[in-house]
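Notes to accompany the following structure.
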Amino acid sequence: SGFDSIRECYRDLSDHIFAVETGLSSDPPMNWLCSFLDQYTLISNSDAHSPEKLGREANIFAADLSYEGIIRAIKEGSSAGFGGTIEFFPQEGKYHYDGHRKCAVSWDPLQTLKHNELCPVCGKKVTIGVMNRVAQLADRDALPERKTRPPFFSLVPLKEILAEISGVGDEGIFIEEAAEPVHWRIAGETGLYGKYVVRKISITFSD
């Protein structure tokens, strides 16, 4: 965005902002390295470019699910019913590391520094990812105690797990057919991971 802080971006409107969205390529621990974000509630929203991606990141509420109730929960945090977030592992995000996709170059910030930000394939500057950007903005070297902050839960999409087990791609018909009955019988992926034990999942697959 070209801005290094909320206040630099929004100026006199900054005081009206009470939440920051983590994005697919970062998670709460990465944001905790920046002390200027401490005053904001960290939320995680799903992108909507395809139906099956809906809900892969989400917010947990134990509050009145009205506009007023949700806004109050986000503003005031755990005490008002904000229960934390469901997160995509940031390493899975396409913008987490630096690099060039077409050149098959993917680097962490130290590798980028070692190569002077230049792609060894095409010679152009690599695209800087979220991890590197956080490192530039961070004013902490280690994560502080976060006992008062809402929790977060990191999940791997079910199709990716089944694909890894089966040794096939996660977009194939086999994976689609294997995942669909689990979604229907155990209330979707968030229900699958958040509420049910392995035994329940095993029984479902054995059926």
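Heads up, the final residue of the sequence shown is numbered 208 in the working numbering, and it's a clean run with no missing numbers. From the three backbone atoms N, C-alpha and C, an ideal C-beta is built for every residue, glycine too. Keep in mind it's a predicted model, so treat the numbers as computed, not measured.
{"Query": "Return yes when the Cβ of Asp109 is within less than 8 Å of the Cβ of Val127, no when it is not.", "Result": "no"}
{"Query": "Lys125: which of Val106, Pro158, Asp13 and Ser36 sits nearest, CA to CA?", "Result": "Val106"}
{"Query": "Using three-state DSSP, classify Phe90 as helix, strand or coil.", "Result": "coil"}
{"Query": "With a cut-off of 8 Å, does the C-beta of Glu69 fall near any C-beta of chain C?", "Result": "Included in the structure is just one protein chain, with no chain C present."}
{"Query": "How about Glu88 and Ser155: are their beta carbons less than 8 Å apart?", "Result": "yes"}
{"Query": "Where DSSP assigns a beta bridge to Lys126, which residues make up the other side?", "Result": "Leu119"}
{"Query": "Just the C-alpha distance for His101 and Gly3, rounded to the nearest angstrom, thanks.", "Result": "20 Å"}
{"Query": "Looking at the strands, I want to know which residues DSSP matches up with Leu43.", "Result": "Val21"}
{"Query": "Applying the criterion that 16 or more other CB atoms from any shown protein chain within 10 Å of the CB defines a buried residue, is Lys95 buried or exposed?", "Result": "exposed"}
{"Query": "Quick one: measure Cβ to Cβ for Asp28 and Phe153, integer angstroms, because I've assumed they're closer than 8 Å.", "Result": "7 Å"}
{"Query": "Please report how far the alpha carbon of Cys120 lies from the alpha carbon of Pro91, in whole angstroms.", "Result": "23 Å"}
{"Query": "Skipping 5 residues on each side, what residues in its chain have a beta carbon closer than 7 Å to that of Ile71?", "Result": "Phe62 and Ala64"}
{"Query": "Determine whether the beta carbon atoms of Leu55 and Ser47 lie at a separation below 8 Å.", "Result": "yes"}
{"Query": "For Phe83, count neighbouring C-beta atoms within 10 Å of its own C-beta (all shown protein chains included) and say buried if the count is 16 or more, exposed if not.", "Result": "buried"}
{"Query": "What is the DSSP secondary structure of Asp99, counted as helix, strand or coil?", "Result": "strand"}
{"Query": "Spatial neighbours of Ile162 within its chain, please: CB distance less than 8 Å, with the 5 preceding and 5 following residues excluded, ordered by chain position.", "Result": "none"}
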